[in-house]
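Asks: The sequence shown runs 103 to 531 under the working numbering.
What follows is a structure written as structure tokens; I'll ask about it next.
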Amino acid sequence: MNGRPEARQGGRPFSGVLDVRRGELFPLLTSALLFFSILCSIKIVKAMRETVSTIAGLERIPDLWTYTFVFTVVANLLYWSLVNRVPRRRFVPWSLHFCATCLLIFWALLHGTSGTLQEWVGYGFYTWYSAFNLCVVSLFWVCMVDQFTTEQGRRLFGLIAIGGTLGGILGSKLAEWLVGSVGEAGLFLLAAGAIEIAVVANALRERLAGDSRAPDRNVVAGGGVFEGLGLVLRTRTLAWFAVLIVLMTAAQGGFYFLQLDFVREHLPRADRTVYYAQKEALADTLTLLLEVFVTARAVRWLGVGITLSIVPVLAIAGIFVVLSSPELGLVLIVHALWDSGRHGLVRPAREIVFTKLGAAAKYKSKTFLDAFLYRGSDVAWSWFFGMFRGATVPWVTIAWVTIPFAAAWGIVGPVLGWSHKRDRGVGAS
């Protein structure tokens, strides 16, 4: 759909409430189904990943995040090799099949090991999951900004995100309900099955796009691995986006380590997987409410920039609440609110930034920002926050240090929105 004049996307809306117009319903539904399946798979095994982090603790997490960054760099070198050789209509399903295969390998490894060896398999899964989560979601949104125009993105991205949220809720509840009967290893089989459903959903999305698809949908995106960095450095909007990612990962790292230290202090190992599954289910439910009632309206009425600044402001308020009343249930609620804001408001708003870019520019800049810069910032902030593990109460120190980063994020959001509004795009098709 990208590349067609936006004026042609008008007409009587399919629904006055949802503002889905003629020709958009099936692309919307298949895109939502694709995101549903992807996030269902991710959330089925996410609680296990968080449990591994509590076992590792503040002492090992910086090392694990460093391994994650190295793995992400290697994975992206392979990614670029495929992007330069494989048409996108093949690249997406191949990537999803590969992820499902990896999940099956982890199932076999966890099922056949125990003790220290199983612990190291868990660390390997932690590293792989972090890259898997980032890359597969980034790949999905690349497909979305490739398919829809800026005007459509403002109306439809929030609705598409609802599909993902519903999948996340189902995945979290499946983990909570079934971990006791199928075991942690058995959850990998369920996650692999969900990924294969995503392959089917993507095929339907491609087929139903018909003649409305972008002219370059099946074209190989050429170029070198460093072109994404070049685009970021040459484009004002992408440069501000890079600043946003650095500040956002700082605040995100602060919240992550705050919760990790608090949960490790207050919960035994056996109860942590259920705790994280419950937190994910609550976060996804809150995300759904945001996407249904808030996201699209916020982007239309407030603009991209102000929408990006809502979450850091609320995050600062949440930190003060936890500092004033440090209870496990309250930490769960505040962190669930934080996650829901990032997924329900920030993610759809920031993806709109990429709708003005041409297809090749989207793939290259987005992958650099979402993988190299995002994970590189994760590593840097993990070592930064890891320095506070020697504090009397580490999570309290981390909470105070996180506040200025969240405040800076709140300032940069409107600047990015202003730049995006005036940007004519790069390599627009």
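Even glycine gets a Cβ: it sits at the ideal position worked out from N, Cα and C.
Does R187 come out as helix, strand or coil in the three-state DSSP assignment?
Replies: If DSSP states are grouped into helix, strand and coil, R187 belongs with coil.
Asks: Would R477 pass as a contact of T174 if the rule is Cβ separation under 9 Å?
Replies: A contact, by the Cβ cut-off of 9 Å.
Asks: With distance defined between alpha-carbon atoms, name the residue in L135, F470 and W485 nearest to A305.
Replies: Per the Cα distances, L135.
Asks: Take K523 and list the residues in its own chain whose beta-carbon comes closer than 6 Å to its own, dropping the five residues that flank it on each side.
Replies: Counting only Cβ-Cβ distances below 6 Å, and skipping sequence neighbours, we find nothing.
Asks: Around the C-beta of G443, are 16 or more other C-beta atoms found within 10 angstroms, so that it is buried, or is it exposed?
Replies: G443 should be labelled buried.
Asks: Look at the Cβ atom of L340, then the Cβ atom of L410, and state whether they are nearer than 9 Å.
Replies: Not a contact, by the Cβ cut-off of 9 Å.
Asks: Under 9 Å between the Cβ atoms of F290 and F208?
Replies: Cβ distance < 9 Å, so F290 and F208 count as in contact.
Asks: Please determine if the stretch 294-308 and the stretch 132-147 are in contact, where contact requires at least 3 C-beta pairs separated by less than 8 Å.
Replies: Because the criterion of three Cβ pairs below 8 Å is met, the stretch 294-308 and the stretch 132-147 touch.
Asks: Can you give me the C-alpha to C-alpha distance between G460 and D248, rounded to a whole angstrom?
Replies: The alpha-carbon atoms of G460 and D248 are separated by roughly 8 Å.
Asks: Where does V47 sit, in a helix, a strand or coil, going by DSSP?
Replies: Look at the range of the chain in this structure, 103 to 531, and you will see that residue 47 is not part of it.
Asks: Could you give the distance in angstroms between the alpha-carbon of S426 and the alpha-carbon of V498?
Replies: Roughly 10 Å between the two C-alpha positions.
Asks: If you reduce the DSSP assignment to three classes, tell me which class E278 lands in.
Replies: Looking at E278 - three-state DSSP - the assignment turns out to be helix.
Asks: Kindly indicate the opening and closing residues of the alpha helix (DSSP H) around V455.
Replies: No alpha helix (DSSP H) holds V455; DSSP gives it neither H nor E.
Asks: Do you know how far the Cα of L333 is from the Cα of G512?
Replies: Answer to the nearest angstrom: the Cα atoms are 24 Å apart.
Asks: Only counting the same chain, and skipping five residues up and downstream in sequence, which positions put a Cβ closer than 8 Å to that of V517?
Replies: Around V517: W342 and G407.
Asks: Taking only three categories from DSSP, how would you classify S283?
Replies: In this structure, S283 counts as helix in the three-state DSSP scheme.
Asks: Measure the alpha-carbon distance for N269 versus F422 and round it to whole angstroms.
Replies: At residue 269 the sequence reads Gly, which differs from the Asn that was named. For G269 and F422, the distance between alpha carbons rounds to 32 Å.
Asks: Might you give, ordered along the chain, the residues of its own chain that have their beta carbon closer than 7 Å to the beta carbon of I264, omitting 5 neighbours on each side?
Replies: Result list for I264: A134, L390, E393 and V394, in chain order.
Asks: Can you tell me whether S427 is helix, strand or coil according to DSSP?
Replies: S427: coil per DSSP, three-state reduction.
Asks: Who are the Cβ neighbours of A353 in its own chain at under 7 Å, not counting the five residues just before and after it?
Replies: Here the set comprises P414, A417, T504, F507, A508 and W511.
Asks: Out of A419, L430 and A202, point me to the one whose CA is closest to W440's CA.
Replies: The candidate whose alpha carbon is nearest that of W440 is A419.
Asks: Once the 5 residues before and after G226 are set aside, which same chain residues still bring their CB inside 7 Å of it?
Replies: Result list for G226: empty, nothing under 7 Å.
Asks: By how many angstroms is the C-alpha of E453 removed from the C-alpha of F137?
Replies: Their Cα atoms are separated by approximately 14 Å.
Asks: Taking the beta carbon of E429 as the centre, do at least 16 other beta carbons fall within 10 Å, making it buried, or is it exposed?
Replies: Exposed, since its Cβ has fewer than 16 Cβ neighbours within 10 Å.
Asks: Assign T546 to one of three DSSP states: helix, strand, or coil.
Replies: Residue 546 lies beyond the stretch modelled for the chain, which goes from 103 to 531, so this question has no answer here.
Asks: Does L349 pass the burial test, meaning 16 or more other C-beta atoms within 10 Å, or should it be called exposed?
Replies: Its Cβ being crowded by 16 or more others within 10 Å, L349 is buried.
Asks: Check whether the Cβ atoms of G89 and I146 lie closer than 9 Å to each other.
Replies: With the chain represented from 103 up to 531, any question about residue 89 goes unanswered, as that position is not in the structure.
Asks: Figure out for me which residue from T218, L219 and C204 has the closest Cα to the Cα of V238.
Replies: Selected option, being the one with the closest Cα: C204.
Asks: Go ahead and pull the three-state DSSP assignment for W409.
Replies: The displayed chain sequence assigns Thr, not Trp, to residue 409. Three-state DSSP puts T409 in a helix.
Asks: Output yes if chain C places a C-beta closer than 9 Å to the C-beta of F208; else output no.
Replies: Given the protein chain composition of this structure (a single chain), no chain C is represented.
Asks: Please report the straight-line C-alpha distance between K275 and P129, rounded to a whole angstrom.
Replies: Cα to Cα, K275 sits roughly 28 Å from P129.
Asks: Looking only at its own chain, which residues have a Cβ that is under 6 Å from the Cβ of E152, when we skip the five neighbours before and after it?
Replies: Only Y378 meet the Cβ criterion.
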